[in-house]
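Residue numbers (our numbering): -9 to 583.
Glycine residues also receive a C-beta, built at the ideal position from the N, C-alpha and C atoms.
Bear in mind the structure is a predicted one, so any value in this text is a computation, not a measurement.
Contents: one structure, followed by commentary.
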Ligand code: ADP
């Protein structure tokens, strides 16, 4: 299918047409048209179209959009239109087809993105007028970050403010999602097995921690003002400056806010928001420009440290955006001094970066533990990909899957069995489980944490190479240990716990809250058009406290018994008291993550 994508800002319009099928990988999508209009003014605007550049008479975004049908010329067969929308609040976890209600909901979010959402909506309204017969979809910059945990999204402010909507959202989600996925493709690994830090350094700039396929934190906050130093935006500042500037300089809140958005960042430090100018001036000895570069790199480096800590390690760092893609010296400044964490550049590779043909070259030094990549961001392609996946998903009929509740349990390695039950001891299989060859043992263990103990915890066999302890969030508070949400087997950097058995104790890492998942046999997966690693949503609307679980990982195996596993906290949240079935929402929104 062919998807036309619009990315409209206040002073530019980028658009493209992509040819792809639902379920295609990013690499399989073909861009068949690319265009942009920017720098609108009374004399017209600049354009770039199919490799040609020049001047066009359009004085506004409105006029430019009306010119798109002619610009597209012979490109026909468009199935749908996708629009980039900056702010989706917490209402939009994925792409949404535009209806009057959805449009009104987006409009209502304007106070959260006063510069961006109105321009996005203006493009959307015009596209609806020009192509009334085509479905129009909104794809939100914030959606990817809706997986961020509350600890990352909550500001430490009074409840009344939080209830009024104050929280961190994060932006550039489409870009971060694309580059993280592109990096995983390049590394020939599953994104869900990697801890990736994406650094989008353009006019706007943000860092995003993508841990095992999900965004867990991002440097932009409630608005796109927080975080890194940007072209004209300040990034992190002390909110105390509002009172100080009001008292000392007599500035109003609106004036301070406008200055933080439009007159700060590189522009505030040097007078120019363009990194090329700043770098050129710094090289000529301009002290202001040199300081700006130091601040820019230092802030980015601090976020690398912070997010490596947040993810419990780092497997790949990806640079993107105009500066990330084009400035080898800024990449080097940001990375220098991080050898202590296994991050080291190869300076020749860093200088030789060539991004033609959607390349994603690796520039880490030989033997460095952290991979460093550079790639162009392809937000429009990602938007087309998400819209195509949604349209493909709409055709499928409902699929139902049994839901089982996993109470806390442990999987033991041979060493743990000996330490807990004595040398040469073999566990006694008691009850068979539904997954073939798996059983619950008659023996039990006690979990010991700094806050408390949990006795009588089930042991599931057969033995594994590494001990893994699966608890609920509630259990983690009872024990006093902060367990991360992880897929089974992804144990690197997980916290330690003490297990106690009749013959002794065993201290081990491997304490996790299992991320919700579906075991699926290959035949069902084939029938339902799913592959190992897909993420789906599962709705339990018919249960006591109906809810939809998002981001459910599909794990396909030939002999698996198809069944979804959730933990006791999740079951309680959904009010599940007996065996139930969930309905798979077949948008492949998170497919191939
Ligand atoms: P946007 O966020 O508006 O899409 P871009 O991703 O195009 O912006 O990034 C624009 C930034 O990239 C500008 O600061 C520009 O100076 C910088 N940039 C582009 N090319 C280079 C280069 N060769 N060296 C340093 N900075 C560059």
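{"Check": "Continuous alpha helix (DSSP H) stretch holding residue 59: start and end", "Outcome": "58 to 62"}
{"Check": "Residues surrounding the ligand ADP [beta-carbon distance to nearest heavy atom under 6 Å]", "Outcome": "192, 193, 194, 221, 264, 265, 266, 269, 311, 312, 313, 316, 317"}
{"Check": "Beta-bridge pairing of residue 35 - partner residues as DSSP gives them", "Outcome": "46"}
{"Check": "Inter-residue spacing [alpha-carbon to alpha-carbon] between residue 244 and residue 371", "Outcome": "36 Å"}
{"Check": "Close Cβ partners of residue 571 (< 6 Å) along its chain, the five nearest in sequence each way excluded", "Outcome": "390, 392"}
{"Check": "Interface flag, residue 229 vs chain B, CB-CB below 8 Å", "Outcome": "The question asks about chain B, but that chain is absent: this structure has only one protein chain."}
{"Check": "Euclidean distance between Cα positions of residue 530 and residue 504", "Outcome": "19 Å"}
{"Check": "For residue 21 and residue 196, the rounded distance between their alpha carbons", "Outcome": "26 Å"}
{"Check": "Inter-stretch contact (C-beta, 8 Å, three-pair minimum) for the segment 540 to 548 and the segment 506 to 517", "Outcome": "yes"}
{"Check": "The segment 176 to 188 / the segment 350 to 365 touching (three or more Cβ pairs under 8 Å)", "Outcome": "yes"}
{"Check": "The alpha helix (DSSP H) enclosing residue 551, as first and last residue numbers", "Outcome": "It is not in any alpha helix (DSSP H) - residue 551 carries neither H nor E in the DSSP assignment."}
{"Check": "Host alpha helix (DSSP H) of residue 165 (start-end)", "Outcome": "163 to 177"}
{"Check": "Candidates 279, 254, 274, 253, of which the one nearest residue 265 by Cα", "Outcome": "279"}
{"Check": "Cα-Cα separation between residue 1 and residue 36, rounded to whole angstroms", "Outcome": "11 Å"}
{"Check": "Nearest neighbour of residue 489, chosen from 483, 481, 498 [CA to CA]", "Outcome": "498"}
{"Check": "One or two residues paired with residue 517 in a DSSP bridge", "Outcome": "Beta-bridge pairing links residue 517 to no other residue."}
{"Check": "Counted within 10 angstroms of its Cβ, other Cβ atoms place residue 5 as buried (16 or more) or exposed", "Outcome": "buried"}
{"Check": "Helix, strand or coil at residue 482 [DSSP, three-state]", "Outcome": "coil"}
{"Check": "Span separating the alpha-carbon of residue 229 from that of residue 161", "Outcome": "20 Å"}
{"Check": "Touching by the beta-carbon criterion (3+ pairs, under 8 Å), the segment 22 to 41 and the segment 138 to 156", "Outcome": "no"}
{"Check": "Nearest neighbour of residue 405, chosen from 396, 224, 137, 455 [CA to CA]", "Outcome": "455"}
{"Check": "Residues bridged to residue 423 [DSSP beta-bridge criterion]", "Outcome": "In DSSP, residue 423 forms no bridge with anything."}
{"Check": "Whole-number beta carbon distance between residue 468 and residue 444, since they are thought to touch under 8 Å", "Outcome": "6 Å"}
{"Check": "Proximity of residue 294 and residue 259 at Cβ, strictly below 8 Å", "Outcome": "no"}
{"Check": "Cβ-Cβ separation, residue 381 to residue 72 (assumed contact under 8 Å), whole Å", "Outcome": "So it is not a contact: roughly 10 Å between Cβ atoms."}
{"Check": "Contacting residues, own chain, Cβ-Cβ under 8 Å from residue 40 (five flanking each side not counted)", "Outcome": "23, 24, 25"}
{"Check": "Three-state secondary structure (DSSP) of residue 572", "Outcome": "strand"}
{"Check": "Rounded separation between residue 298 and residue 329 - CA only", "Outcome": "13 Å"}
{"Check": "Inter-residue Cα distance where the pair is residue 518 and residue 527", "Outcome": "14 Å"}
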